[in-house]
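**Q** Under the working numbering, the first residue of the sequence shown is numbered 747, with each subsequent residue one higher. Okay, handing you the structure first.
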Amino acid sequence: MKIGTPKEIFEGEARVAMTPESALQLQKLGHDCVVETGAGAAAGFDDASYKAAGVEVVKTAAALWKAADVVAKVRAPNDAELKRLRADQTLISFFNPAGNSEGMEAAAKKGATVIAMEMIPRISRAQKMDALSSMANIAGYRAVIEAGNNFPRFFTGQITAAGKVPPAKVLVVGAGVAGLAAIGTSTSLGAITYAFDVRPEVAEQVESMGAEFVYLDFEEEQQDGAATGGYASVSSPEFREAQLAKFRELAPEVDIVITTALIPNREAPELWTEDMVKAMKPGSVIVDLAAEKGGNCKLTVADEKIVTDNGVTIIGYTDFPSRMATQASTLYATNIRHLMTDLTPEKDGVINHDMEDDVIRGATVTHAKEITFPPPPPKIAAIAAAPKKEAPKELTAEEKAAQEVAAFKQQTKNQVTLLAVGGALLLAVGLVAPASFMQHFIVFVLAVFVGFQVIWGVAHSLHTPLMAVTNAISSIIILGALMQIGSSSFLVILLAALSVFMCGINIFGGFLVTRRMLAMFQKS
């Protein structure tokens, strides 16, 4: 089948859905590739590079739509492109199905299949096709770069002969894919980075990247992000007020604010209010990654950069991935290629649109002249939501004392039983064994008992250095075994040889472990 990529006609869009590299991989699946002339020019891919990869280059969009069985593009099709759709043709692009009912109806009426890239379910197997995450990753990185371009100081702190430069303080609101990318970029540039998210489970991820998680003095049962595909859920009005109060406290201190908070199929929540902007220092920067959905900042203007009366720069660009068109196109084309791999399981150039497949079904919004949006939830989640744990019951002082007494009695009972059984066995052996054997046997039993009690009481963290001490015991055992290895009894020789072998392993292993343990505390 022919996979075609037209030139994007959305104003300012520089990405392309097929690169020469991804075209080579698509051809290995048995498909032919075709692009419209100039489709990749804005992303740095000229027609010659496509031809070198075996891609057919056609002159017009009309010719491409007519020739291609599968059309892969970036932006949602406009009315003119929807008119070019035909029956049994497959369209793969961002489609905004929740806000594009007319487009879905037009595609379904024509009998075309539409796969919306933003509807790829967030399950483990589909991560390689998750275009939303790959584009959000670029947006988060680019947001920090744009902030730095408009921030009048260094990100990192410096002490120079000309004076001391304090580090920039960056607040990232929302620690999803874009937020984590922004955190990683900000910390790598040397800024003091803070991050906030309504999902408490992301705090560990934030702190592992060198940022400080902003906690609220407010407890609310939040829905596990894993249960909603990694997205945040709507908070209560009380939680929102506590959140805004915390932001008002931070506003005078931070230099750069990057907001990424979005809830699927909703307008962006307003998190950075006008009074917070007024409280910020002159020269501060706000980058609103939610500008396309109304913005998290009250004063954000979509696709524009404004400067407030108090000198705060607010950036509301909606094309951050397109500003890094080469990188974005490479990642997006790879997402498309992985999706085509799932659609072509036999690698024979024939698409098998399996509606029983979680990924294909989840992303398909029209198929067989029917609108299939919204999809059912996937059968398998990427990360199972943590089951709710019941809070442990608080025990009274009397109940705690009763538990301690019961535990002491049980421990005493176990020890007495063990000693009684051991004594009975020792007595039974003494009835039949010679006196010379019993002298050595009693010493052996006592040594085992004392050794067990000593080692059992040692903390687990000290077991490794304790191995070095056991080398001395193993050396004594080896000496005894060497004295017995010349015995006339084959059984004694065999047991002595096994003793030498096993104690040798213990000695050499103990010294090796001790050497590595000591090396941990050396500077070089």
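Backbone N, C-alpha and C fix where the C-beta goes; we use that ideal spot for every residue, glycine too.
Got a sec? Which residues, its chain only, sit under 6 Å from PRO912 by beta carbon, not counting five neighbours each side?
**A** For this step, residue 912 is matched to residue 166 along the sequence shown. The answer, listed in chain order, is GLY903.
**Q** Among THR765, VAL780, ARG868, TYR796, which has the Cα closest to the Cα of SER812?
**A** The residue you call residue 812 lines up with position 66 of the sequence shown. Note that residue 812 is Lys in the sequence shown, not Ser. The shortest Cα separation from LYS812 among THR765, VAL780, ARG868, TYR796 belongs to VAL780.
**Q** Look up GLU1150 in the DSSP assignment and say whether it is helix, strand or coil.
**A** To locate residue 1150, count along the sequence shown from 1; it is residue 404. If DSSP states are grouped into helix, strand and coil, GLU1150 belongs with the helices.
**Q** Starting from VAL1105 and walking both ways along the alpha helix (DSSP H), at which residues does that stretch end?
**A** Your numbering for residue 1105 matches position 359 in the sequence shown. Per DSSP, VAL1105 belongs to the alpha helix (DSSP H) from 1104 to 1109.
**Q** From ALA1152, GLY800, GLN951, pick the residue whose C-alpha is nearest to that of ASP778; which is it?
**A** Position 32 of the sequence shown, counted from the first residue, corresponds to residue 778. Selected option, being the one with the closest Cα: GLY800.
**Q** Quick one: using the 10 Å Cβ neighbour count with 16 as the cut-off for buried, is SER768 buried or exposed?
**A** For the purposes of this step, residue 768 is taken as the residue at position 22 of the sequence shown. Counting Cβ neighbours within 10 Å, SER768 comes out buried, since at least 16 surround it.
**Q** Consult DSSP for LEU990 and reduce its assignment to one of helix, strand or coil.
**A** Locating residue 990 in the sequence shown gives position 244, where the first residue counts as 1. Helix.
**Q** Output the distance between the C-alpha atoms of GLU995 and LYS915, rounded to the nearest integer angstrom.
**A** Counted from its first residue, the sequence shown places residue 995 at position 249. Counted from its first residue, the sequence shown places residue 915 at position 169. Between GLU995 and LYS915, the C-alpha separation is close to 14 Å.
**Q** Is it true that the CB of ALA833 sits closer than 8 Å to the CB of GLY857?
**A** By one-based count along the sequence shown, residue 857 stands at place 111. By one-based count along the sequence shown, residue 833 stands at place 87. Closer than 8 Å, so yes.
**Q** If you draw a straight line from the C-alpha of ALA908 to the C-alpha of GLY936, how long is it?
**A** On the sequence shown, position 162 is the one that residue 908 refers to. On the sequence shown, position 190 is the one that residue 936 refers to. Distance between the alpha carbons of ALA908 and GLY936: 20 Å.
**Q** According to DSSP, is GLN1199 part of a helix, a strand, or is it coil?
**A** On the sequence shown, position 453 is the one that residue 1199 refers to. GLN1199: helix per DSSP, three-state reduction.
**Q** Under 6 Å Cβ to Cβ from ALA1128, same chain only, skipping five residues before and after it: list those, please.
**A** Taking the first residue of the sequence shown as position 1, residue 1128 is located at position 382. With a pLDDT of only 49 at ALA1128, under the threshold of 50, the placement of this residue in the model should not be trusted; the figure read from the coordinates follows. ARG868, ILE869, SER870, listed in sequence order.
**Q** Would you decide whether LYS819 is buried or exposed? Buried here means 16 or more other CB atoms lie within 10 Å of its CB.
**A** Here residue 819 refers to the residue found at position 73 of the sequence shown. Buried is the call here.
**Q** Contact check, ASP1065 vs GLY758 under 8 Å by CB: the rounded distance?
**A** Mapped onto the sequence shown, residue 1065 falls at position 319. Mapped onto the sequence shown, residue 758 falls at position 12. That pair is a contact at about 5 Å.
**Q** Which residue marks the beginning of the alpha helix (DSSP H) containing ILE847, and which one marks its end?
**A** Counting from one through the sequence shown, the residue named residue 847 turns up at place 101. The question names Ile, yet the displayed sequence has Ser at residue 847. First-last of the alpha helix (DSSP H) with SER847: 847 to 856.
**Q** Of all the beta strand (DSSP E) runs that stay within the bounds of the stretch 1141 to 1192, which reach a length of 3 or more residues?
**A** None, since the stretch 1141 to 1192 contains no complete beta strand (DSSP E) of that length.
**Q** Per DSSP, what kind of secondary structure is THR1090 in: helix, strand or coil?
**A** Sequence index remark: in the sequence shown, residue 1090 carries index 344 (1-based). Reduced to three states, the DSSP call for THR1090 is coil.
**Q** Considering only C-alpha positions, which residue in the set TRP1018, ASN1056, ILE1009, GLY1057 is nearest to LYS1039?
**A** Position 293 of the sequence shown holds residue 1039. The shortest Cα separation from LYS1039 among TRP1018, ASN1056, ILE1009, GLY1057 belongs to ILE1009.
**Q** Kindly list the residues whose CB is nearer than 6 Å to the CB of THR931, restricted to its own chain and excluding five residues on each side of it in sequence; keep chain order.
**A** The residue you call residue 931 lines up with position 185 of the sequence shown. Within the same chain, THR931 has close Cβ partners TYR887, VAL890.
**Q** Relative to the alpha-carbon of ALA763, which residue among GLU782, GLY776, VAL1194 has its alpha-carbon at the smallest distance?
**A** Indexing the sequence shown from 1 puts residue 763 at position 17. If we check each option's Cα against that of ALA763, GLU782 comes out closest.
**Q** Report the rounded CA-to-CA distance for GLY1165 versus LYS1159, giving the unit in angstroms.
**A** Numbered from 1 along the sequence shown, position 419 holds the residue referred to as residue 1165. Numbered from 1 along the sequence shown, position 413 holds the residue referred to as residue 1159. The sequence given here places Leu at residue 1165; Gly does not occur at that position. About 10 Å.
**Q** Looking only at DSSP bridge pairs, what is LEU837 linked to?
**A** As a first step, residue 837 must be located in the sequence shown, where it is residue number 91. The partner list for LEU837 (beta bridge, DSSP) reads VAL817, VAL860.
**Q** Determine whether the beta carbon atoms of THR1006 and VAL919 lie at a separation below 8 Å.
**A** Numbered from 1 along the sequence shown, position 260 holds the residue referred to as residue 1006. Numbered from 1 along the sequence shown, position 173 holds the residue referred to as residue 919. Taking 8 Å as the Cβ cut-off, THR1006 and VAL919 qualify as a contacting pair.
**Q** Give me the residue from ALA941, ALA788, PRO752 with the minimum Cα distance to LYS805.
**A** By 1-based counting over the sequence shown, the position of residue 805 is 59. Considering only alpha carbons, the answer is PRO752.
**Q** So ILE938 packs on VAL952, CB below 8 Å; how close in whole Å?
**A** On the sequence shown, residue 938 is found 192 positions in, with the first residue counted as 1. On the sequence shown, residue 952 is found 206 positions in, with the first residue counted as 1. At roughly 13 Å, the Cβ-Cβ gap does not stay under 8 Å, so ILE938 and VAL952 are not in contact.
**Q** Quick check: the Cα distance between THR1087 and ASP1001, rounded to an integer number of angstroms?
**A** Residue mapping note: residue 1087 aligns to position 341 of the sequence shown, counting from 1. Residue mapping note: residue 1001 aligns to position 255 of the sequence shown, counting from 1. Using only the alpha carbons, I get a separation of about 45 Å.
**Q** Indicate the three-state DSSP secondary structure (helix, strand or coil) for ILE1224 in the structure shown.
**A** As a working note, residue 1224 is residue 478 in the sequence shown. The answer is helix: DSSP assigns ILE1224 an H, G or I state.
**Q** For MET875, which option in PHE897, ALA852, GLY894, PHE840 has the closest C-alpha, if you only look at C-alpha atoms?
**A** In the sequence shown, residue 875 corresponds to position 129, counting from 1. Minimum Cα distance to MET875 is reached at PHE840.
**Q** From this set, LEU810, SER1030, ARG821, which residue's C-alpha is nearest ASN896's C-alpha?
**A** The sequence position of residue 896 within the sequence shown is 150, counting from 1. Of the listed residues, the one whose Cα sits closest to ASN896 is SER1030.
**Q** Tell me which residue opens and which closes the beta strand (DSSP E) that GLN904 is part of.
**A** Position 158 of the sequence shown, counting from 1, holds the residue named residue 904. Taken as a continuous stretch (DSSP letters only), the beta strand (DSSP E) holding GLN904 covers 904 to 906.
**Q** Can you tell me where the alpha helix (DSSP H) with THR1059 in it begins and where it stops?
**A** One-based indexing of the sequence shown puts residue 1059 at position 313. Taken as a continuous stretch (DSSP letters only), THR1059 belongs to no alpha helix (DSSP H), being part of the beta strand (DSSP E) at 1059 to 1061.
**Q** Under 8 Å between the Cβ atoms of VAL1196 and PHE1187?
**A** The residue you call residue 1196 lines up with position 450 of the sequence shown. The residue you call residue 1187 lines up with position 441 of the sequence shown. Not in contact: VAL1196 and PHE1187 (Cβ atoms no closer than 8 Å).
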